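Asks:
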Amino acid sequence: MTTFAARLAVLAGASALALTACATAAEPESPGASPEPEMSATHDAMDDAMEEPTDEADAMEDDAMSDDSMESVEVPEALQFTTTTLAGAEFDGASLVGQDAIVWVWASWCPICQSEAPAVAAANEQLPDGVTIYGLPGNADLASSQQFVEEYGLGDIEHIFTEDGSLWSNFGVSYQPALVLINDDGTFETMPGSSGEAQIIEAAEQLAAS
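Here is the structure:
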């Protein structure tokens, strides 16, 4: 029961006690009079009347909590972008706020990215709850990037695509590969260079714990 609802329940109980006291004081002296049934009906009516505000108060409080949860969260400038994924779906960078994410920056022609890809795929299967890996390919056309994903078994990862790699600069990345660790408050840290499976998992665990 919510605090507000509990207070109303206490008030309802106090009102019932007050009515009982009044009824006792006002009892007629005539032995033939029987006020109890009438007062019982009055009590029932009062209980019904008090239940409705309680339900309404609960609904109002639930609505207020819902409104609070829907309040807009400030989106960092780095995440203020829209693009598409390699699969052709629309992607809004603001959706990364509120979750722990690892963004792997790569290019299909990059030999280091090619050697790192199996480690990324393996780490993706071992992430702690609440952490998601995204790919951020660039500096290559759509077809070669899609072929890279298929060849290295990276299809379970959503890849945010910009052919010219223009989004890399949002995260301070000038060359691939790199990892961008995005905390659920929108802050991020960039790790340039190659990372192994163990490093990726460790980074994910640190994100989940923060």
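Counted the way mature numbering (1 follows the signal peptide of the UniProt record, and there is no 0) counts, the sequence shown spans residues -25 to -1, 1 to 185. Backbone N, C-alpha and C define an ideal beta-carbon position, used for all residues, glycine too. Computed from a prediction, not measured in an experiment: that's the story for all the values here.
Note the first and the last residue of the continuous beta strand (DSSP E) segment covering F123.
Replies: Counting along the chain, F123 falls outside any beta strand (DSSP E), though it belongs to the alpha helix (DSSP H) covering L117 to E126.
Asks: Near A92, which residues of its chain fall below 6 Å by C-beta distance, leaving aside the five closest residues on each side in sequence?
Replies: Only Y127 meet the Cβ criterion.
Asks: If you draw a straight line from the C-alpha of L142 to the C-alpha of T59, how long is it?
Replies: In a straight line, the C-alpha of L142 is about 12 Å away from that of T59.
Asks: Give the C-beta separation of A112 and F136 to the nearest angstrom, bearing in mind that I take them to be a contact with Cβ-Cβ under 8 Å.
Replies: The question names Ala, but residue 112 in the sequence shown is Pro. Going by Cβ atoms, the distance from P112 to F136 rounds to 6 Å, so yes, they are a contact pair.
Asks: When the Cα of G105 is compared with those of A98, D75 and L117, which residue comes out closest?
Replies: Here the closest residue by C-alpha is D75.
Asks: Go through its chain and collect everything with a Cβ distance to I176's Cβ below 7 Å, but skip five positions before and after it.
Replies: Taken in chain order, the residues that qualify are A98 and Q101.
Asks: Can you give me the C-alpha to C-alpha distance between M166 and A118, rounded to a whole angstrom?
Replies: Between M166 and A118, the C-alpha separation is close to 27 Å.
Asks: For my contact list, D116 and E133 are in at a C-beta cut-off of 8 Å; report their separation, rounded to the angstrom.
Replies: About 19 Å; that fails the 8 Å criterion.
Asks: Using the Cβ count rule (16 or more neighbours within 10 Å means buried), how would you classify W81?
Replies: Result: buried.
Asks: The beta strand (DSSP E) that contains V155, what's its start and end?
Replies: From DSSP, the beta strand (DSSP E) with V155 extends over A153 to I157.
Asks: Can you look up P167 in the DSSP assignment and give me helix, strand or coil?
Replies: Correct three-state label for P167: strand.
Asks: Going straight from the alpha carbon of Q174 to that of A183, what length do you get?
Replies: Rounded to the nearest angstrom, the two C-alpha atoms are 14 Å apart.
Asks: In whole angstroms, give me the CA-to-CA distance for G140 and V155.
Replies: Straight-line Cα distance between these residues: approximately 14 Å.
Asks: Contact defined as beta carbons within less than 8 Å: I believe P152 pairs with W79. What is the distance between those atoms, to the nearest angstrom?
Replies: Confirmed, about 7 Å.
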